[in-house]
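In the UniProt record's numbering, the protein residues as written are 1 to 324.
Heads up, the thing below is written out as structure tokens.
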């Protein structure tokens, strides 16, 4: 820290009093440009405000004021956008929304909540919203309804990972139900070895494949669920929409034969989202970048022990994501 005492001068002609000018200190400021630059650099990291304050040797209020000056307005929308929700617990709301450009890997904005009215009002202010070609999302009926209303000319693309995850969740439900018939030791083993069941068969080594085979031999329903999960993996690994259509039909038929309640729900969801799911095989866009941003937000929030002020929370996220 540098302590400076400004000298006050008096004009010999008019008698006006004024303070001397210091090159590295802006007018009416008590902090230098270098400190602001350093503070902005520190704020771009996933670090707590407390640690930043200690490193810079300034007050928390000064650091907060510097953050308040940060501004990344979203004035236009790109041709491809991705929208997702995340748990922010800020501004009196549990969930917030993140808007990204998956094509250019940029965070566009953070929205205060996931309410349909709030989101529609936000997107209505953009005169170029009819130029959007694709909207990428998870299998959220709220987001789909919003996209159809706010972007009538856009194609909706369902994220493959989220669609596949439904089949994995269904397998987990069948596993938990099957475990109820096992003794304690075997039940614990199944719980600890569940990652082997979740993994794609092609990623297992010979020893792991043998373990899976032993597990499946103990439950017919679990063996059926595992087969359906593998069909889902094959479906979402398709390289083109024609192949995806055939594999989606094969998955639905297999589900109908197995008649497992959790997978019946998955097949029903796939039917309701068939157009959006198949769109994912026509374009190279997904929610992968957006999910990565969500993970980074979780780290920032955890390190900062949460941020109750929505505007500062938003500014901190956008500033942190500039280089991400």
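In this text, a Cβ means the ideal position worked out from N, Cα and C, and glycines have one as well.
Bear in mind that the values here come from a model prediction, so they are computed numbers and not experimental data.
**OP:** Leaving out five residues on either side along the sequence, give the residues of the same chain with a beta carbon under 6 Å from the beta carbon of residue 276.
**Re:** 156 and 158
Original post:
Are the beta-carbon atoms belonging to residue 169 and residue 200 less than 8 Å from one another?
Top reply: no
Original post:
Is residue 134 helix, strand or coil when you go by DSSP?
Top reply: strand
Subject >> Stretch pair the stretch 247-262 + the stretch 126-138: three plus CB contacts closer than 8 Å >> reply: no
Original post:
So the alpha helix (DSSP H) residue 250 belongs to, where does it begin and stop?
Top reply: 241-258
Original post:
Does DSSP classify residue 293 as helix, strand or coil?
Top reply: helix
Subject >> Cutoff 8 Å; reference residue 238; Cβ partners in own chain excluding five residues on either side >> reply: 244, 247 and 281
**OP:** Just grab the DSSP bridge partners of residue 100 for me.
**Re:** 82 and 107
**OP:** Using the Cα positions of residue 191 and residue 172, report the straight-line distance between them to the nearest angstrom.
**Re:** 10 Å
Original post:
Could you give the distance in angstroms between the alpha-carbon of residue 79 and the alpha-carbon of residue 102?
Top reply: 10 Å
Original post:
Is the Cβ-Cβ distance between residue 223 and residue 211 less than 8 Å?
Top reply: no
Original post:
Mind checking residue 292: buried by the 16 CB within 10 Å criterion, or exposed?
Top reply: exposed
Original post:
What are the partner residues of residue 175, as DSSP defines its beta bridges?
Top reply: In DSSP, residue 175 forms no bridge with anything.
Subject >> Cβ-Cβ distance between residue 91 and residue 242 below 8 Å >> reply: no
Original post:
Is it a yes or a no for the stretch 106-118 touching the stretch 83-97, going by three-plus beta-carbon pairs under 8 Å?
Top reply: yes
Original post:
Across which residues does DSSP place residue 363 in a beta bridge pair?
Top reply: This structure leaves residue 363 out entirely; the chain is present only between 1 and 324.
**OP:** Decide yes or no for the touch test of the stretch 136-146 against the stretch 201-209: beta carbon pairs closer than 8 Å, at least 3 of them.
**Re:** no
Original post:
Looking only at its own chain, which residues have a Cβ that is under 6 Å from the Cβ of residue 315, when we skip the five neighbours before and after it?
Top reply: 67 and 70
Subject >> Pairwise C-alpha distance: residue 195 and residue 225 >> reply: 14 Å
**OP:** Give the DSSP bridge partners of residue 9, in chain order.
**Re:** 18
**OP:** Following the continuous alpha helix (DSSP H) through residue 212, name the residue where it begins and the one where it ends.
**Re:** 206-216
Original post:
Once you ignore the five residues that flank residue 179 on each side, which residues in its own chain have a CB closer than 6 Å to its CB?
Top reply: 187 and 190
Subject >> Secondary structure of residue 89, DSSP reduced to three states >> reply: strand
Original post:
Looking only at C-alpha atoms, which of 42, 98 and 135 sits nearest to residue 153?
Top reply: 135
Original post:
Taking just the CA atoms, how far does residue 235 sit from residue 83?
Top reply: 24 Å
Subject >> Length of the line joining the Cα atoms of residue 50 and residue 60 >> reply: 7 Å
Original post:
Does DSSP put residue 27 in a helix, in a strand, or in coil?
Top reply: coil
**OP:** Pull up the DSSP beta-bridge partners for residue 66, would you.
**Re:** Answer is none; residue 66 lacks a bridge partner.
Original post:
Going by C-alpha distance, which of 63, 8, 164 and 17 is nearest residue 32?
Top reply: 63
Original post:
Measuring CB to CB, does residue 320 end up less than 8 Å from residue 296?
Top reply: yes
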